[in-house]
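Note that the working numbering has the sequence shown beginning at 1, numbered continuously upward. We treat Cβ as the ideally placed atom computed from N, Cα and C, and that holds for glycine.
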Amino acid sequence: MKKFFNNLCFTVVIVFMTFTFNAQAISSISSITSIQGIVIDKSTQEPLVGANILVNGTNLGTSSDMNGSFQLNIPATHKVTFTVSMIGYKSETIDIKDLQNVTEPLEIKLSQGLIEMGTVVVTGTNTLHLYENTPVKTEIISKKIIEQQGAFNLAQSLGLQTGVMVENDCNNCNFMQVRLLGFDGKYSQILLNGDPVVSSLGAVYGLEHYPSEMIEQIEIVKGGGSALYGAGAVAGTINMITRRPAFNSTKINYTGSSAGGSFDQLVGAVAEIVNNENTAGLFLFGSLRNRNPYDHNGDGFTELGRLQNETIGFNSYFKPFSNSEIEASFFGLFEDRRGGNDLDKPPHEADIAEYVKHTNYGGKLKWKHKLNSEFQYTANYAFSILERDSYYGGLSDDTPEARLEALNYYGYTENPVHIAGLSADYFISNHILTAGMQYSYENILDQSVSNSAYYVNDTYKNTGLFIQDELSFGEMQQFKLIAGVRSDKNSILENWIVSPRINAMYQMFEALKFRAAYTTGFKPPQIFSEDLHICGLEGTQRVIRNADGLTEERSSTLSAGLEFLDFVGDIPLLFGLTAFYTNLSDAYVEEFISADGNIEYWERINSSGANAKGVEFDFGIKPILGLEFRAGYTIKENKYEENLPDFNTDQFLRTPDQFGYLRTSYEMGLGFSAFASLKYTGGMYVPHEIAVEGEDDPLLELNESDSFLELDLALTKDFQLGDLTSAFTLGIKNLTNAYQKDLDFGVTRDPAYVYGPSQPRTAYLAFNLKF
Numbered sequence: 001m002k003k004f005f006n007n008l009c010f011t012v013v014i015v016f017m018t019f020t021f022n023a024q025a026i027s028s029i030s031s032i033t034s035i036q037g038i039v040i041d042k043s044t045q046e047p048l049v050g051a052n053i054l055v056n057g058t059n060l061g062t063s064s065d066m067n068g069s070f071q072l073n074i075p076a077t078h079k080v081t082f083t084v085s086m087i088g089y090k091s092e093t094i095d096i097k098d099l100q101n102v103t104e105p106l107e108i109k110l111s112q113g114l115i116e117m118g119t120v121v122v123t124g125t126n127t128l129h130l131y132e133n134t135p136v137k138t139e140i141i142s143k144k145i146i147e148q149q150g151a152f153n154l155a156q157s158l159g160l161q162t163g164v165m166v167e168n169d170c171n172n173c174n175f176m177q178v179r180l181l182g183f184d185g186k187y188s189q190i191l192l193n194g195d196p197v198v199s200s201l202g203a204v205y206g207l208e209h210y211p212s213e214m215i216e217q218i219e220i221v222k223g224g225g226s227a228l229y230g231a232g233a234v235a236g237t238i239n240m241i242t243r244r245p246a247f248n249s250t251k252i253n254y255t256g257s258s259a260g261g262s263f264d265q266l267v268g269a270v271a272e273i274v275n276n277e278n279t280a281g282l283f284l285f286g287s288l289r290n291r292n293p294y295d296h297n298g299d300g301f302t303e304l305g306r307l308q309n310e311t312i313g314f315n316s317y318f319k320p321f322s323n324s325e326i327e328a329s330f331f332g333l334f335e336d337r338r339g340g341n342d343l344d345k346p347p348h349e350a351d352i353a354e355y356v357k358h359t360n361y362g363g364k365l366k367w368k369h370k371l372n373s374e375f376q377y378t379a380n381y382a383f384s385i386l387e388r389d390s391y392y393g394g395l396s397d398d399t400p401e402a403r404l405e406a407l408n409y410y411g412y413t414e415n416p417v418h419i420a421g422l423s424a425d426y427f428i429s430n431h432i433l434t435a436g437m438q439y440s441y442e443n444i445l446d447q448s449v450s451n452s453a454y455y456v457n458d459t460y461k462n463t464g465l466f467i468q469d470e471l472s473f474g475e476m477q478q479f480k481l482i483a484g485v486r487s488d489k490n491s492i493l494e495n496w497i498v499s500p501r502i503n504a505m506y507q508m509f510e511a512l513k514f515r516a517a518y519t520t521g522f523k524p525p526q527i528f529s530e531d532l533h534i535c536g537l538e539g540t541q542r543v544i545r546n547a548d549g550l551t552e553e554r555s556s557t558l559s560a561g562l563e564f565l566d567f568v569g570d571i572p573l574l575f576g577l578t579a580f581y582t583n584l585s586d587a588y589v590e591e592f593i594s595a596d597g598n599i600e601y602w603e604r605i606n607s608s609g610a611n612a613k614g615v616e617f618d619f620g621i622k623p624i625l626g627l628e629f630r631a632g633y634t635i636k637e638n639k640y641e642e643n644l645p646d647f648n649t650d651q652f653l654r655t656p657d658q659f660g661y662l663r664t665s666y667e668m669g670l671g672f673s674a675f676a677s678l679k680y681t682g683g684m685y686v687p688h689e690i691a692v693e694g695e696d697d698p699l700l701e702l703n704e705s706d707s708f709l710e711l712d713l714a715l716t717k718d719f720q721l722g723d724l725t726s727a728f729t730l731g732i733k734n735l736t737n738a739y740q741k742d743l744d745f746g747v748t749r750d751p752a753y754v755y756g757p758s759q760p761r762t763a764y765l766a767f768n769l770k771f
């Protein structure tokens, strides 16, 4: 392994030096030709704002302005082929044999298609690709889909995607996690603009921390992703991409909703400013949210806790020199949440209280330099400083001794994360070579249990080196192949971890593509999000820690699928079928050890392994202009190779074998638009912990849940008031009120015995104003 690492280091250094040498050798080209044009909608003849223009085989590109116009500057010695794309439109490729003959502005007409068409993605390869041309299967959640759902945050944005499940794992504090390929949330790496700054602590409640105001697009890649992103990308990656400022505009929005008389309100604002030369831009965002507690079964204990959230931040860029850019971003997240009962009392005076107060500051500084059209490099630093005050516990009885004991459940957690990286891309012939290195540092100090023996003060350091080659070949470059490898040295592991990947795409016909992949991932035995979320059961704290000798988990995923995405006549059509198999070796499971007073001790141990296999179906169609249908369905099976210690089953818990969705949007004219979605969640096995009077150990049972069908509806009306644009939306979520029927009652309830839709029937009104 040491020899392999030395060879890999040597290879990365040589490749990087080769990149630099070649880039310097050809950077003297100074003659520049400008191509001007306008991008318009083929049906309406209206200009398209923000269309992407990318020169094939290079790092050159631009975008259309508020009038749909663009100017593309390229070396005069080159003939050029470039692609014009726009989210929701069919892309067009323009081939110019002789640049000197281009004397008039080009007029490029794009046809409206499905939402995936024309979307630029980056997560699967770390370089820009159109969705339809990327060798890596990617799920896309655009800003438009986020707004159509009326989503407040990341968690609410993820529900309508094939193979993606979001669940609430606690009735007290509403700990949310996302499942990819059926695996727990700890197996999915959450990224912010490509950086893994969302730590284990940040992931406990992080799905609700990041508001929709700061998210421009979400990209999801399923399967092992450690070859690019290192530790944690076992079942997949979820990349939140924030908005890059492009135009001068401001938007203010308000959403008010009611679930059984419990109100939830959000006020948000965004603004972007760009100078006339497009050499500097600033995007500002902020939001305030206040949610009242909700008690579904009237037992005095919350199903949805009280929540107050505040967010503020900015993204910016500055181009000090030609072909260079500095990006800077910053955010501040502040949240106060509490669940249980007696919310008007201090936490330690309630029978059950789960209370957390978060303060999270983060940001990024990135330098990007294009030495020429073939070579570019980036250097970046990102950080996240998270602090949490907490209380997990309550009164076991009303005696003076119990009241003193309840004071012991206050806790405090600190979790700084720092990430630095350097990477380079070299576009040569039909190759895109990428190489780089990344260093991450994370410390976690957790004092959230009353027994100091279970305090945590751990530091994790990881150094990763990676190299990747993307090769395109064939007469029409119809075959694409990505081969890459990354080596990581984690401070809690003795050996280097090697994570290879290979992805391939073959364009069988003009619009029918075959994709196949072998990807790998690993998870080191550090602290996980479940360890930092302590469920309170009748004042008892459940503490999970790693067993001695715990080793890393390793995953390998095989996937293959067909996808058709094009027009059939004048109708955009999407059909996809993907099969996957994931093997997880040394899979982690949790084992009940003992109870001591008000603390339960659980340990995480290695089992023999686990696997997931299944198929995913995708369908989309736009039968008439303005009307779009999109659907996805997943059939899968998740099993451990040996039975779980406490439940005598080899089935994965809390994940259904079948689930899917259907969504539709219709632009009806006269400023009216409608949105509807139907989400199906199949039955699943759910663990249930039952407190037994007079017994120290709880009774553990395994129940099979019902299936659920959720229906969401929304109607929007746009208004034009001079230079102001406004929109009103009336909607209802979970119209069928599909909700768990066998909730536990009272102080002895198991707050983790919760499944199915996390939100009951909810009516809402939204208003926004743009200027």
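| message | By alpha-carbon positions, which one of A517, N737, D548 and A271 ends up nearest to Q526? | response | D548
| said: Taking the alpha-carbon of S607 as reference, which of Y460, D650, G632 and R630 has the nearest alpha-carbon? | reply: D650
| message | With distance defined between alpha-carbon atoms, name the residue in S373, S450, L465 and A151 nearest to I428. | response | S373
| Residue range of the unbroken beta strand (DSSP E) whose run includes E616 | G609 to I624
| query | By how many angstroms is the C-alpha of D342 removed from the C-alpha of D299? | reply | 11 Å
| field | Where D596 falls, given that 16 or more other Cβ within 10 Å makes a residue buried | value | When all chains shown are included, D596 counts as exposed.
| By a C-beta neighbour count over all protein chains shown, 10 Å radius and 16 as the cutoff for buried, is T399 buried or exposed? | exposed
| request: Taking Q468 as part of the beta strand (DSSP E), name the residues at either end of that continuous run. | output: V456 to F473
| message | For G268, which residues in the same chain have their Cβ closer than 6 Å to its Cβ, ignoring the five residues on either side in sequence? | response | Closer than 6 Å at Cβ, skipping near neighbours: E213, N253 and S287.
| field | Straight-line Cα distance separating K137 from K613 | value | 17 Å
| query | Any idea which residues DSSP pairs A151 with across the strands? | reply | Paired residues: none, contrary to the question.
| Skipping 5 residues on each side, what residues in its chain have a beta carbon closer than 6 Å to that of Y348? | Just to set this straight, residue 348 is His in the shown sequence, not Tyr. Excluding sequence neighbours, H348 sits near A406 and L407.
| Which residue's Cα is closest to the Cα of I599: T413, I444, R749 and G394? | G394
| request: From the DSSP output, read off the bridge partner residues of Y441. | output: H418 and K461
| said: Among Y409, I96 and L99, whose alpha-carbon lies nearest the alpha-carbon of S448? | reply: In this structure, Y409 is the residue among Y409, I96 and L99 with its C-alpha nearest to the C-alpha of S448.
| task | Have a look at S316 and D351 and give me their C-alpha separation to the nearest angstrom. | result | 47 Å
| said: Which same chain residues end up closer than 6 Å to L653 when comparing Cβ atoms and leaving out the 5 residues on each side of it in sequence? | reply: Non-local beta-carbon contacts of L653 in its own chain, meaning distances under 6 Å to residues more than five positions away in sequence, involve Y685 and P687 in chain order.
| query | With DSSP run on the structure shown, which of helix, strand or coil describes E401? | reply | helix
| request: Whole angstroms is fine: what's the gap from R545's alpha carbon to K186's? | output: 15 Å
| field | Through-space distance from L72 to S64, alpha-carbon basis | value | 10 Å
| In its own chain, which residues sit with a C-beta less than 6 Å from the C-beta of I94, not counting the 5 before and 5 after it? | F82
| field | With 16 other Cβ atoms within 10 Å as the buried cut-off, status of G261 | value | It is exposed - the Cβ of G261 has fewer than 16 other Cβ atoms within 10 Å.
| query | Using 8 Å as the threshold, is the region 221-231 in touch with the region 483-495, meaning 3 or more CB pairs across them? | reply | yes
| said: For D646 and Y361, what's the separation of their Cα atoms in angstroms? | reply: 40 Å
| query | When you compare only the Cα positions, how much space is there between T762 and L481? | reply | One C-alpha to the other measures close to 47 Å.
| request: Rank N648, A511 and T459 by C-alpha distance to the C-alpha of S491 and give the top, closest one. | output: In terms of Cα proximity to S491, the closest of N648, A511 and T459 is T459.
| query | Alpha carbon to alpha carbon, how far is P245 from K364? | reply | 16 Å
| query | Name the DSSP beta bridge partners of I252, please? | reply | A269 and L769
| Which term fits I624, buried or exposed, when burial requires 16 or more other beta carbons within 10 angstroms of its beta carbon? | exposed
| said: Can you give me the C-alpha to C-alpha distance between N323 and S329, rounded to a whole angstrom? | reply: 20 Å
| task | Just list the alpha helix (DSSP H) runs in the region 283-357, keeping only unbroken ones of 4 residues or longer that don't cross its boundaries, in chain order. | result | none
| field | Closest Cα partner of A420 within the set A402, G464, F70 and D389 | value | Out of A402, G464, F70 and D389, G464 has the C-alpha closest to the C-alpha of A420.
| field | From L769, K770, S758 and D586, residue whose alpha carbon lies closest to that of A155 | value | S758
| Is DSSP giving M214 helix, strand or coil here? | In the three-state DSSP reduction, M214 falls in the helix class (H, G or I).
| query | For K368, which residues of its own chain have a beta-carbon under 6 Å away from its beta-carbon, when the five flanking residues on both sides are left out? | reply | Contacts found: E325 and T378.
| Cβ-based burial, L266 [other Cβ within 10 Å; buried from 16] | Answer is buried; the Cβ neighbour count reaches 16.
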